[in-house]
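Numbering (the working numbering), first residue to last: 314 to 477.
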C-alpha cells in the first residue's frame, strides 16, 4: 500500500522536465529513505557501486499522503512495518505501527507510537505518547534503524538536481 518507491525514475524526470513542471506534478512532502542493510547483514554486505542521488541501488522515496484504503486513522499518516500503514517500512526493528505524522499550521509533526526501538528527529529521541517534533526540510528521521530525510517538493527537486 504505502511502500516506498525507487528514486531513480524521479531523478530522470527531474533532469528532463523544468522545475515548474516537476513541482506541478509532485505536490506532496516526502521522505528520501536511505538504503537499509540489516545489522546482521552488514558483515556480509559488499557493495561495488556508491549509493547517491538518482542511484538505483537502494535509495527510495516515501510520499507523505494517505494510501488508498490504508487505515481508519484519517487524521494522521501512519508509519510502520504492517501493510496497512500509509508508509510501509520493511525492517525487523520497525514496529507494525511505529510512528505517525500529523499536519499542523506550520507543516508536519512526527510522533512515536510507543515503538520498541524508538524514533528520532535530528538526533532527538521522541519519548512518551505526547512527544512530537516538527519537521523542517532536511530534518533527519530514524524509525528503528531506517534513516530518512524529510523534504517538501521544492527541496526534493533541489536534492535531485544536486543543489542541496
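Yeah, the Cβ is synthetic: ideal placement off N, Cα and C, and Gly gets one too. As the structure is a computational prediction, the values presented were derived from the model and not from experiment.
Asked                                                                                   : Found
Residues near residue 395 in its chain [Cβ-Cβ closer than 6 Å; skip 5 each side]        : 409
Beta-bridge partners of residue 460, as assigned by DSSP                                : 455
Under 8 Å between C-beta atoms of residue 423 and residue 455                           : no
CB contact flag (residue 318, residue 373, <8 Å)                                        : yes
For residue 339, the nearest candidate out of 475, 389 and 465 (CA to CA)               : 465
For residue 269, the first and last residue of its enclosing alpha helix (DSSP H)       : Residue coverage of the chain in this structure runs from 314 to 477, which leaves residue 269 outside it and unanswerable.
Range of the contiguous alpha helix (DSSP H) that encloses residue 327                  : 321-329
Residue 422 - containing beta strand (DSSP E), residue span                             : 421-425
Which of helix, strand or coil DSSP assigns to residue 335                              : helix
Beta-carbon proximity list for residue 336, same chain, < 6 Å, skipping 5 on both sides : 466
C-alpha gap between residue 407 and residue 463, whole angstroms                        : 18 Å
Extent of the continuous beta strand (DSSP E) to which residue 373 belongs              : 373-376
Residue 359 burial status per 10 Å Cβ neighbour count (16 or more: buried)              : Any answer about residue 359 is weak, because its pLDDT of 40 lies below 50 and its placement is not dependable; what the coordinates show is given next. With fewer than 16 other Cβ atoms within 10 Å, it is exposed.
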